[in-house]
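> Residue numbers (our numbering): 436 to 770.
(1) Looking only at C-alpha atoms, which of 693, 698, 755, 659 sits nearest to residue 614?
(2) Would you mind working out which of 601, 665, 761, 578 sits nearest residue 690, comparing C-alpha positions?
(3) Give me the residue from 674, 527, 548 with the minimum Cα distance to residue 535.
(4) Quick one: what's got a C-beta closer than 8 Å to residue 678's C-beta in the same chain, skipping five residues either side?
(5) Mind checking whether residue 657 and residue 587 have CB atoms under 8 Å apart?
(6) Taking 8 Å as the cut-off, decide whether the C-beta atoms of residue 687 and residue 697 are in contact.
(7) Round the Cβ separation of residue 712 and residue 761 to the nearest angstrom and send it over; I've been treating them as touching at under 8 Å.
(8) Exposed or buried, what is residue 562 when buried is set at 16 or more other beta-carbons lying within 10 Å of its beta-carbon?
(9) So, at 7 Å on beta carbons, what are the nonlocal neighbours of residue 457 in its own chain, with the 5 sequence-adjacent residues on each side left out?
(10) Within this structure, are the beta carbons of residue 662 and residue 705 separated by less than 8 Å?
(11) Report the partner residues of residue 716 according to the DSSP bridge assignment.
(12) Leaving out five residues on either side along the sequence, give the residues of the same chain with a beta carbon under 7 Å from the beta carbon of residue 695.
(13) If you pair each beta-carbon of the segment 563 to 583 with each one of the segment 644 to 657, do three or more pairs fall below 8 Å?
(14) Can you have a look at residue 589 and say buried or exposed, based on whether 16 or more other CB atoms are within 10 angstroms of its CB?
(15) Is the separation between the beta-carbon of residue 618 and that of residue 545 shorter than 8 Å?
(16) Closest to residue 558 by CA distance: which of 537, 569, 567 is it?
(17) On the DSSP letters alone, give me the boundaries of the beta strand (DSSP E) that residue 414 sits inside.
(18) Please state whether DSSP places residue 568 in a helix, a strand or coil.
(19) Does the separation of the CB atoms of residue 583 and residue 524 fall below 8 Å?
(20) May I ask you to report which of helix, strand or coil DSSP gives residue 482?
(21) Distance, Cα to Cα, residue 599 vs residue 643?
(22) Note down the Cα distance separating residue 605 from residue 669, rounded to an integer number of angstroms.
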C-alpha cells in the first residue's frame, strides 16, 4: 500500500506477481507479498480510495469492505478532491473479469483459485455493494453541487443462438444473464436473475435487509465494453471452471460448414462482428428500461509487423473497416 501525494488518499495496489504465485501459497502469504503496509491504523483508511482491498481481508480476518463501512468510511476521496472537474464517474470497470478471472480462473489479480464454485459470486456481490455505496455517497453529498453522473462499466460479448433449437435459444438467454444480468438485474430489479438463483442455489449470495437499504436503480449510466460476439450452443457438460460449467453452453465462432462469425483480429478471441454491438445495445435498452449507455471500450488489434514508414502504419484499412462497421451499428441501435 502506498500513500499518494494527495493527503488523505490511500491507494492499495496488488502486484502482478501476486496473481501468478504458486498455488501452494496460502492466501495470507499472497496478501503479504502483494501489499506493503506502511501504516496500519484504521485512521489511514478514512477517506481511502479502495483500489483492491480484498487481499487485506486475510490479514485482518474479515471482509475489508464491510469493516470500512462499519467504521463510517465513505468512498468519497475522489468526489471530494476532483469535485466538478469530473462529470462522469465509473465505480468499477469490468467487475465480471475481476470476479471470474481473479477468483475463478486465477489469471488476474488477486489470482485466487481456492473455491471457484463460490468465490467469484462473493466477489461480484461485494463489488455490487461497493458500487451502490459509492453511488449513494455521491447522490447524497455531491451530485447537487457537482452535477456529475455515476455508472458501472460492464463487458459483454454478444450471444447469438447457434441454431433455431429451443435449447440453444435458452442457452443464449442464460449466457446474457450470466454476463449482464449478474450485475444489472440487482440494480434495476432488486435481485439476481432467476436462472442464476436456480442454478447456483446457496452459492449465490442473498441480499440482506441491510443491503436492500441501498438505493434502487443505483446507476446514472451503463458503460459498455464490447469487442466481439459468439454463437451459443447448449452443452450439458462444458469444460472450464464452475462459472462456465453451470451455464451449460459453448461459445462458438464457426458454423458447421466452417464459415466464421466474422473476420479475425490479432487476438485469438476477437472476431469482427459489427451487428453484435447493435444487438447488445438494443438488449440493454429493452431489458433495463432504456438507461443511458456509454460505449466505454471498443476496438481491435492487428498482428505485429515490420513497418518502415508512418504512412504505412496509418494505412490500417482493417481497423478503419472495424470502426466504420461498429459505429454504423451503434447508429442503427440509436435510430
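All C-beta atoms in this analysis are idealised placements derived from N, C-alpha and C, irrespective of residue type, glycine included.
Considering the structure as presented:
(1) The option with the nearest alpha carbon to residue 614 is 659.
(2) Nearest C-alpha to residue 690: 665.
(3) Closest option to residue 535, Cα to Cα, is 548.
(4) Around residue 678: 535, 539, 551, 555, 613.
(5) The Cβ atoms of residue 657 and residue 587 lie closer than 8 Å to each other.
(6) At least 8 Å separates the beta-carbon of residue 687 from that of residue 697.
(7) The distance from the Cβ of residue 712 to that of residue 761 is about 5 Å, consistent with a contact at the 8 Å cut-off.
(8) In the assembly as shown, residue 562 is a buried residue. Its beta-carbon has 16 or more other beta-carbons within 10 Å.
(9) Reliability of the predicted coordinates at residue 457 is poor, the pLDDT of 39 falling under 50, and the value obtained from them is presented with this limitation in mind. Excluding residues within five positions, none has a Cβ falling inside 7 Å.
(10) Contact flag set, yes.
(11) Answer by DSSP bridge pairing: none, since residue 716 is not bridged.
(12) Within the same chain, and ignoring the five residues on either side of residue 695 in sequence, the residues whose Cβ sits closer than 7 Å to its Cβ are 688, 689, 706.
(13) The segment 563 to 583 makes contact with the segment 644 to 657, as at least three CB pairs between them are under 8 Å.
(14) It is buried - the Cβ of residue 589 has at least 16 other Cβ atoms within 10 Å.
(15) In terms of Cβ geometry, residue 618 and residue 545 do not form a close pair [threshold 8 Å].
(16) From the listed residues 537, 569, 567, the smallest Cα separation to residue 558 is found for 537.
(17) Here the chain has residues from 436 to 770 only, and residue 414 is not among them.
(18) Residue 568 carries a helical assignment under DSSP once its states are collapsed to helix, strand and coil.
(19) The criterion of a C-beta distance shorter than 8 Å is satisfied by residue 583 and residue 524.
(20) Bear in mind that a pLDDT of 44 at residue 482, under 50, signals an unreliable position, so the model cannot answer this.
(21) Near 40 Å, if we compare the C-alpha coordinates of residue 643 and residue 599.
(22) Approximately 8 Å, taken between the alpha carbons.
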